[in-house]
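*Asks:*
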Amino acid sequence: MSLPEDFAGAIVWEWQDGTFDRARFDLTPTGWDITGRHGETRYVIKLNTDHEPTSLEATCGDRTLSLRRTAGGWRDDDGTLLPNSAGARDLDLGWTAVTNSFPIRRLMARRRGHGRFDVLLVALPDLDTRIVRQSYAREGKFWLYVNHDSGFSARLEVDNHGLVIDYPGLCTRRD
């Protein structure tokens, strides 16, 4: 399932605290580039044509994180492999709902109603990383998201492209 080629544009989510997350999608020959900003946090995510993240550049204040996904896992700028990241094909940036869409889009494309994923979670404000286990299960036009490590869950409303419309308690799309 691919975003339509004429989709390139911006999506805006308003967060419960009154801040905004703005993400711009640009089609490239190898997939998509997503450039976003939430407050002082900026990010660039490159996706392949299967909506799998291949790289992340993030800044928050004076902190910067640069990662690339390889067959062996996620590596930082120095080429150092992040621990336990070999099976983590997705990213979860806790400050944007855009990253929830990656596994949802793949499940929709494969006509699967559920899936479990190892995910590289990036936390603010230090841009610390860790691997977490997450799942998504379709419930009509909604997807039940569960972080199995923290026990957090949410019932996400998504559009027909798998992009989050409403993330209860966190943010709502305003574009």
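Heads up: the sequence shown begins at 244 in this note's numbering, then just goes up one per residue.
Positions of the beta carbon are idealized from the N, C-alpha and C atoms, including for glycine.
What you are looking at is a predicted structure, and each value in this text was computed from that prediction instead of being measured.
(1) What do you get for H281, buried or exposed, if any count of 16 or more other CB atoms within 10 angstroms of its CB means buried?
(2) Which residue from V255, D264 and E295 puts its Cα closest to that of T273?
(3) Residues in the same chain with beta-carbon distance under 7 Å from D392, minus the five sequence neighbours each way, listed in chain order, please.
(4) State the CB to CB distance for the pair I254 and D361, rounded to an integer number of angstroms; the pair is presumed to be in contact (CB under 8 Å).
(5) From D249 to D269, what distance separates their C-alpha atoms?
(6) Within 10 angstroms of its Cβ, does P411 collect 16 or more other Cβ (buried), or is it exposed?
(7) So A380 packs on H357, CB below 8 Å; how close in whole Å?
(8) What did DSSP end up calling T323 once you bin it into helix, strand or coil?
(9) State the Cα-Cα distance for the pair G315 and L363, rounded to the nearest angstrom.
(10) Considering L350, what are the terminal residues of the alpha helix (DSSP H) in which it resides?
(11) Considering only DSSP beta bridges, list what K289 is partnered with.
(12) Does the region 321-336 come close enough to the region 393-400 to have 3 or more Cβ pairs within less than 8 Å?
(13) Taking the CB atoms as reference points, tell me whether T284 and A301 lie closer together than 8 Å.
(14) Report all residues from its chain with a CB closer than 8 Å to the CB of T262; omit the five preceding and five following residues, and keep chain order.
(15) Let's see if you can read the secondary structure: which residues bound the beta strand (DSSP E) around H391?
(16) Considering just the uninterrupted stretch of the beta strand (DSSP E) at D264, what are its terminal residues?
(17) Using a threshold of 8 Å, state whether the C-beta atoms of D293 and R349 are closer than that.
(18) Taking Cβ positions, are V407 and A340 nearer each other than 8 Å?
*Replies:* The short version:
(1) Within the sequence shown, the letter at position 38 stands for residue 281. Label assigned to H281: buried.
(2) Taking the first residue of the sequence shown as position 1, residue 273 is located at position 30. For T273, the nearest C-alpha among the options comes from E295.
(3) Counting from 1 along the sequence shown, the entry for residue 392 is found at position 149. Excluding sequence neighbours, D392 sits near V375 and R376.
(4) For this step, residue 254 is matched to residue 11 along the sequence shown. For this step, residue 361 is matched to residue 118 along the sequence shown. Wrong, their Cβ atoms sit about 26 Å apart, outside the cutoff.
(5) Here residue 249 refers to the residue found at position 6 of the sequence shown. Here residue 269 refers to the residue found at position 26 of the sequence shown. Residue placement at D249 cannot be trusted, given a pLDDT of 49 that sits under 50; what the coordinates show is reported in the next sentence. Each residue's Cα considered, the two are about 10 Å apart.
(6) Here the question's residue 411 lines up with position 168 in the sequence shown. By the 10 Å Cβ count, P411 comes out exposed.
(7) Within the sequence shown, residue 380 is the residue found at index 137, counting from 1. Within the sequence shown, residue 357 is the residue found at index 114, counting from 1. Yes, A380 and H357 are in contact; Cβ-Cβ is about 4 Å, under 8 Å.
(8) Locating residue 323 in the sequence shown gives position 80, counting from the first residue. Coil.
(9) One-based indexing of the sequence shown puts residue 315 at position 72. One-based indexing of the sequence shown puts residue 363 at position 120. Cα to Cα, G315 sits roughly 14 Å from L363.
(10) Counted from its first residue, the sequence shown places residue 350 at position 107. Its alpha helix (DSSP H) spans residues S344 to A352.
(11) Residue 289 sits at position 46 when you count from the first residue of the sequence shown. Beta-bridge pairing links K289 to D276 and S298.
(12) no
(13) Taking the sequence shown and counting its residues from 1, the one referred to as residue 284 is at position 41. Taking the sequence shown and counting its residues from 1, the one referred to as residue 301 is at position 58. Cβ distance < 8 Å, so T284 and A301 count as in contact.
(14) The count along the sequence shown starts at 1 and reaches residue 262 at position 19. The residues are H281 and G282.
(15) Position 148 of the sequence shown, counted from the start, is the residue given in the question as residue 391. Per DSSP, H391 belongs to no beta strand (DSSP E) and is neither H nor E.
(16) As a first step, residue 264 is located in the sequence shown; it is residue number 21 there, counting from the start. Taken as a continuous stretch (DSSP letters only), the beta strand (DSSP E) holding D264 covers F263 to T271.
(17) Taking the first residue of the sequence shown as 1, we reach residue 293 at position 50. Taking the first residue of the sequence shown as 1, we reach residue 349 at position 106. Yes, they are a contact pair.
(18) Here residue 407 is taken as the residue at index 164 of the sequence shown, counted from 1. Here residue 340 is taken as the residue at index 97 of the sequence shown, counted from 1. The answer is yes: Cβ separation under 8 Å.
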